[in-house]
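One point on numbering: in UniProt numbering, the residue at position 44 of the sequence shown is 44, and numbering is uninterrupted.
Working notes, beginning with the structure itself.
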Amino acid sequence: MINSNSELSSLRLSNINIHGGLIFGYNTGVIAAVLTVKEWSGMNEIDKGFLTCSILLGAMIGSLLAGFVTERVGRKKPMYILAVLSIVGALGSAFVPHGLWIVIPFRLILGIAVGSSGIVCPLYVGEMASPERKGTLGTVFQIAITVGILVGDVIGFSLKNVVYSYRIMFGLGAIPGVFLIATLFFVPESNVWIEKRNTQRNTLLLLNKDETGGMGIKLLLSKPAGRFALFIGSILAINNQLTGINAFMYFSPSIFQQAGISGNGITIATICLVGWNVISTLAATFLIDRIGRKKLMVISTVGMSISCLTLALLFTLVKGTVLGYLSVVLLFVFVFAFELGAGPLFWILVIEIFPEEMKDLGSSLLNALQWIFNIALSFSFLWLVSLIGQAAIFWIFGGIGIFCLVLVSIYLPDTQVVNQGYKPID
């Protein structure tokens, strides 16, 4: 058993984020393929919405729970718990009798694992990685998410004509949890958490007070550093969820269709897009510790905003195949820009912007907030499109992107210097 940061290899830390990210990416992404199989495709749109959003609701709950649990019992135990929950949720979804309201409880359980993974795995890796490797190892989580989505799409395409293939699709979601449990046997508890816990206990002994179990929301909000981190973290959550990534992914089949692609070609083109998603995230891995978090986030947000505003202009002025071809180009540009910064950096920055004693609860609240945005957009998106049209949707996303760009440029600290002793504002 390893017992110090210096002895903990990058490979083992990568495995934590790989398996946590695969739990996240595969299980949230595979639902798109499940909804196309015969057993589920006959549902009405409301029922499809419940099945899709059940895992998102669970993820929001998991995000909130994870912050409180990790603060009290450490990092390893919650990772064991989320791995077990992911196995139970995936296998339960696969093997229970077919029925929406029978499957949904297991999707909620799986969602708790998904939401927890977005807190605990990046937090553990950030605490145990060497300063010069924090950014690179942190982006592994987002890479694994995109790979998980890609694997879900490929498996869905391969099995779509197989009877009860949804059981296989759901069941495969248990595999990353098994590997995460295996990895946890070979890593120690976070030294940062152990030191923080010992300091808290010694302080309480000196003050002759009972142990309270950590920082509450009221105390977090009472500190200038906590309020500032929550403010800038909320902007990052908006930038992550409300600037168009879900809209681009949703509209991708119709965009490909406008470009003259049809039949299975649309599915193949969508898989290519998800593959591009993975490649784009790899670019962030090479750049994050070289040019800094803030600069990369600004470049990313500029690219996303320009893509949305240009597409809005095209939807307003251009029609036919030309619109389709140009939209495909902008689709790939947007995905590259998102995965260059806004996507992978969210998981890293929502931890780094908080002082040490606030990381658990603060990052938990911000993760829950981005899941709330995700759920709200999932439920309202089609209604908004029918109400105001595609062009208006992308004007709004572009405007939100510009808003986030201004605030990020002004207020986001360059946490690249976290690695050289950065201290959040107090």
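Just so it is clear, CB atoms sit at the ideal spot from N, CA and C, and this is done for glycine as well.
Beta carbon of residue i nearer than 8 Å to that of residue j
i, j, result
"residue 72", "residue 124", "no"
"residue 140", "residue 234", "no"
"residue 280", "residue 405", "no"
"residue 251", "residue 328", "no"
"residue 283", "residue 340", "yes"
"residue 345", "residue 297", "yes"
"residue 301", "residue 239", "yes"
"residue 371", "residue 56", "yes"
"residue 427", "residue 86", "Residue 427 lies beyond the range of the chain shown here (1 to 426); nothing can be said about it."
"residue 16", "residue 187", "yes"
"residue 347", "residue 49", "no"
"residue 94", "residue 170", "yes"
"residue 476", "residue 162", "Given a span of 1 to 426 for the chain in the structure shown, any question on residue 476 remains unanswerable."
"residue 253", "residue 266", "yes"
"residue 70", "residue 360", "yes"
"residue 401", "residue 243", "yes"
"residue 12", "residue 285", "no"
"residue 133", "residue 9", "no"
"residue 142", "residue 303", "no"
Closest residue to residue i among the options (Cα-Cα distance)
i, options, result
"residue 221", "365, 25 and 30", "365"
"residue 504", "96, 300, 225 and 307", "Past the edges of the chain, shown from 1 to 426, lies residue 504, and the structure says nothing about it."
"residue 90", "80, 104, 78 and 332", "104"
"residue 178", "79, 35, 36 and 311", "79"
"residue 39", "392, 165, 226 and 128", "165"
"residue 385", "286, 109, 315 and 154", "315"
"residue 26", "155, 412, 11 and 133", "155"
"residue 308", "322, 326, 330 and 299", "330"
"residue 352", "142, 66, 226 and 194", "226"
"residue 398", "310, 33 and 46", "310"
"residue 189", "129, 159 and 241", "129"
"residue 88", "176, 354, 383 and 381", "176"
"residue 362", "92, 102 and 223", "223"
"residue 349", "77, 122 and 44", "122"
"residue 160", "217, 110, 264 and 219", "264"
"residue 261", "317, 322 and 180", "322"
"residue 102", "131, 84, 47 and 77", "47"
"residue 241", "381, 77 and 41", "381"
"residue 37", "383, 389 and 158", "158"
"residue 237", "42, 403, 43 and 41", "403"
Beta-carbon proximity list for residue i, same chain, < 6 Å, skipping 5 on both sides
i, result
"residue 414", "292 and 294"
"residue 61", "112"
"residue 208", "With a pLDDT of only 46 at residue 208, under the threshold of 50, the placement of this residue in the model should not be trusted, and no figure is reported."
"residue 30", "152 and 169"
"residue 395", "312"
"residue 273", "252"
Residues near residue i in its chain [Cβ-Cβ closer than 8 Å; skip 5 each side]
i, result
"residue 275", "150"
"residue 196", "356 and 357"
"residue 185", "none"
"residue 32", "152, 153 and 156"
"residue 217", "361 and 365"
"residue 23", "82, 83, 86, 113, 114, 117, 148, 173, 176, 177 and 180"
Rounded distance between the beta-carbons of residue j and residue i, thought under 8 Å
i, j, result
"residue 21", "residue 148", "6 Å"
"residue 135", "residue 289", "4 Å"
"residue 337", "residue 391", "That pair is no contact at about 20 Å."
"residue 259", "residue 324", "3 Å"
"residue 35", "residue 100", "That pair is no contact at about 12 Å."
"residue 277", "residue 146", "5 Å"
"residue 318", "residue 326", "7 Å"
7 Å CB neighbourhood of residue i in its chain, flanking five on each side removed
i, result
"residue 82", "113, 116, 117 and 120"
"residue 407", "235"
"residue 53", "375, 378 and 379"
"residue 64", "364 and 368"
"residue 411", "232"
"residue 287", "296"
"residue 18", "140 and 144"
"residue 409", "298"
"residue 106", "89, 92, 93 and 96"
message: Ignoring anything shorter than 4 residues, give me the alpha helix (DSSP H) runs that lie fully in the stretch 26-81, in order along the chain.
response: Runs of the alpha helix (DSSP H) inside the stretch 26-81: 31-34, 38-41 and 45-73.
field: Every unbroken alpha helix (DSSP H) within the stretch 315-387, with a cutoff of 4 residues, ordered by chain
entry: Listed in chain order, they are 320-337 and 343-352.
task: Can you check the stretch 264-320 for any alpha helix (DSSP H) of at least 4 residues that lies completely inside it and give the ranges in chain order?
output: Counting only runs of 4 or more, we get 264-291 and 293-317.
query: In the stretch 165-206, which residue ranges form an unbroken beta strand (DSSP E) of at least 3 residues, counting only runs that do not cross its ends?
result: For the stretch 165-206, there is no continuous beta strand (DSSP E) assignment of 3+ residues that stays within its boundaries.
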